[in-house]
Structures are given as C-alpha cells and as structure tokens.
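What follows is a short report on a single structure.
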Amino acid sequence: KAGVTQTPRYLIKTRGQQVTLSCSPISGHRSVSWYQQTPGQGLQFLFEYFSETQRNKGNFPGRFSGRQFSNSRSEMNVSTLELGDSALYLCASSLVAIPNEQFFGPGTRLTVL
Amino acid sequence: QQQVKQSPQSLIVQKGGISIINCAYENTAFDYFPWYQQFPGKGPALLIAIRPDVSEKKEGRFTISFNKSAKQFSLHIMDSQPGDSATYFCAPRGTSGSRLTFGEGTQLTVNP
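If you're matching them up, the sequences are chains X and V in order.
Okay, so the first sequence: first residue is 104 according to the numbering used here, each after it adds one.
Okay, so the second sequence: first residue is 213 according to the numbering used here, each after it adds one.
Here you go:
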C-alpha cells in the first residue's frame, strides 16, 4: 500500500510570492492534517480536514489556508510568503476522524528567500 | 501557551543502555498519548501509544508509563541500539479530531 505522498518535495520561493503544497493520503484515508516543522517552533498544527470539511485550525495567520477534495487529496496554500514561513510542511493521513494512528508523509521543504 | 513540555532536549546513551524521555502536559482534554519517532529526512512515525485508563504499556523494547494525576507520561527504551538514534516526540491527542500537540522533541543518540 502506498504511503502518504507530498509534492513537491522541495520548493524555493521569494518573499511576497504564494505557494501551493499538495498531499495525497493513503488510499481509503479520509482525514488529512497539516503541520509546520521548524527548528525554533518545533511541530505546530496548521489544520485538519475530514471528508472535505475543515474540523480544526491552528494558530496561524489567514495567509495559511487549505482545502480537501472529494478524493481526499489536500492542498495547502500560503500567500504573501515571509522569510519565517521557511519550514518543513508535513501532511498526515488517517482512516477515521479521531484516529489512534496517523501516517506522515516525508514533507515539503519550503525555503523563502 | 506551552501545553506539552518534553525533556530532555537531547540524550546520549551507550548501546545496551536505557533511554528515558519525559512529557508533561496541561490540557486535561487529551485522551490519547502517543510517542512518535522521526529520522532525518522522514516524517514522524508512530512508535507506541497509551490510553489514560492504563498506567503502563510495553511493546518489545519500548514502554510507556502514564501518570494521570501528575499529567505526565514517559517513554522508556530498553537495550538501546544505534538504530534507535532519532528524534522522539510526545504528541497527545484530544477528543475533537486528529490534532496532535507535539512536545519539543528529544534527539536521542545511541553510541555503539
């Protein structure tokens, strides 16, 4: 069974640009969560989706948004990029809305110059 | 708000030794207490988890001890191996969804 896929794996953008990251969950999984990982702040929750509905949102500015499609694939978008947005963005999928195990993808490394 | 505090930040253990990582939490709404393991270049992966109605759970060389009254839980790695060298995160989950609240992480190095 294929794992969680995230594309692209690496991305370099400049300040002010916007970026879209993609996450394909494990087949059959309906829940997708996003996390930002930085050396200074660690792993922080961005948002979670279940069956196309956003269930929870973390404490991030409105420049961070996401959505989930009917096939459970998810995208997150960051507009007006700032240097501090440089991070590893991780996506996790699970079968149910309140899971015991979540499966993480390898992440997308975003660098903002 | 620092809801989950993990210690130590880094740990160096000799092969065959015991590694102990601690996690303290504030949010009493957490109801599932996993530990995740992350290797460089990879996403975190579930290692072991415990529910609050159990005080201890053992899976192979890995044991979670849970103290509900103290709002603390810990990970014990027995007979630590160089392949255990990784970053470990406690990441309790609440009741409203899949959201995990990660600790700061512990970088474990097991010397051969």
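Backbone N, C-alpha and C fix where the C-beta goes; we use that ideal spot for every residue, glycine too.
From a predicted model like this one, the values you see are computed outputs, not experimental measurements.
For residue j and residue i, the rounded distance between their alpha carbons
i: residue 117/X; j: residue 135/X; result: 27 Å
i: residue 283/V; j: residue 213/X; result: 35 Å
i: residue 191/X; j: residue 247/V; result: 20 Å
i: residue 243/V; j: residue 185/X; result: 36 Å
i: residue 307/V; j: residue 260/V; result: 19 Å
i: residue 189/X; j: residue 290/V; result: 37 Å
i: residue 164/X; j: residue 139/X; result: 13 Å
i: residue 213/V; j: residue 207/X; result: Because residue 213/V carries a pLDDT of 48, less than 50, the predicted location of this residue cannot be relied on, and the following value inherits that uncertainty. Residue 213/V and residue 207/X: Cα-Cα distance of roughly 25 Å.
i: residue 158/X; j: residue 172/X; result: 14 Å
Contacts around residue i, its chain only, beta-carbon distance under 6 Å, and the 5 residues preceding and following it disregarded
i: residue 205/X; result: 195, 197
i: residue 238/V; result: 215
i: residue 299/V; result: 250, 317, 319
Contact list for residue i against chain X, beta-carbon separation under 7 Å
i: residue 261/V; result: 203
Contacts that residue i makes with chain X (C-beta to C-beta distance below 9 Å)
i: residue 181/V; result: Here chain V has residues from 213 to 324 only, and residue 181/V is not among them.
Extent of the continuous beta strand (DSSP E) run through residue i
i: residue 260/V; result: 257–262
i: residue 221/X; result: Nothing about residue 221/X can be reported from this structure: the residues present for chain X run from 104 to 216 only.
i: residue 179/X; result: 177–181
i: residue 287/V; result: 284–289
i: residue 204/X; result: First-last for residue 204/X: undefined, no H or E at that position.
Contact set between residue i and chain X, taken where Cβ atoms lie within less than 8 Å
i: residue 308/V; result: 158, 159, 201
i: residue 244/V; result: 203
Contact list for residue i against chain V, beta-carbon separation under 7 Å
i: residue 210/X; result: 255
i: residue 197/X; result: 310
Residue i: contacting residues in chain V (beta-carbon distance under 9 Å)
i: residue 136/X; result: 309, 310, 311, 312
Own chain, CB closer than 8 Å to residue i, minus 5 neighbours either side, in chain order
i: residue 199/X; result: 133, 134
Segment contact flag, the region 165–177 of chain X with the region 226–233 of chain V, C-beta cutoff 8 Å, min 3 pairs: no
Touch test, the region 172–181 of chain X against the region 123–132 of chain X, Cβ-Cβ under 8 Å, three pairs minimum: yes
contact_flag[the region 281–296 of chain V, the region 107–114 of chain X] where n(CB pairs < 8 Å) is 3 or more: no
Stretch-stretch touch, CB-based, cutoff 8 Å, three pairs: the region 260–277 of chain V with the region 310–321 of chain V: no
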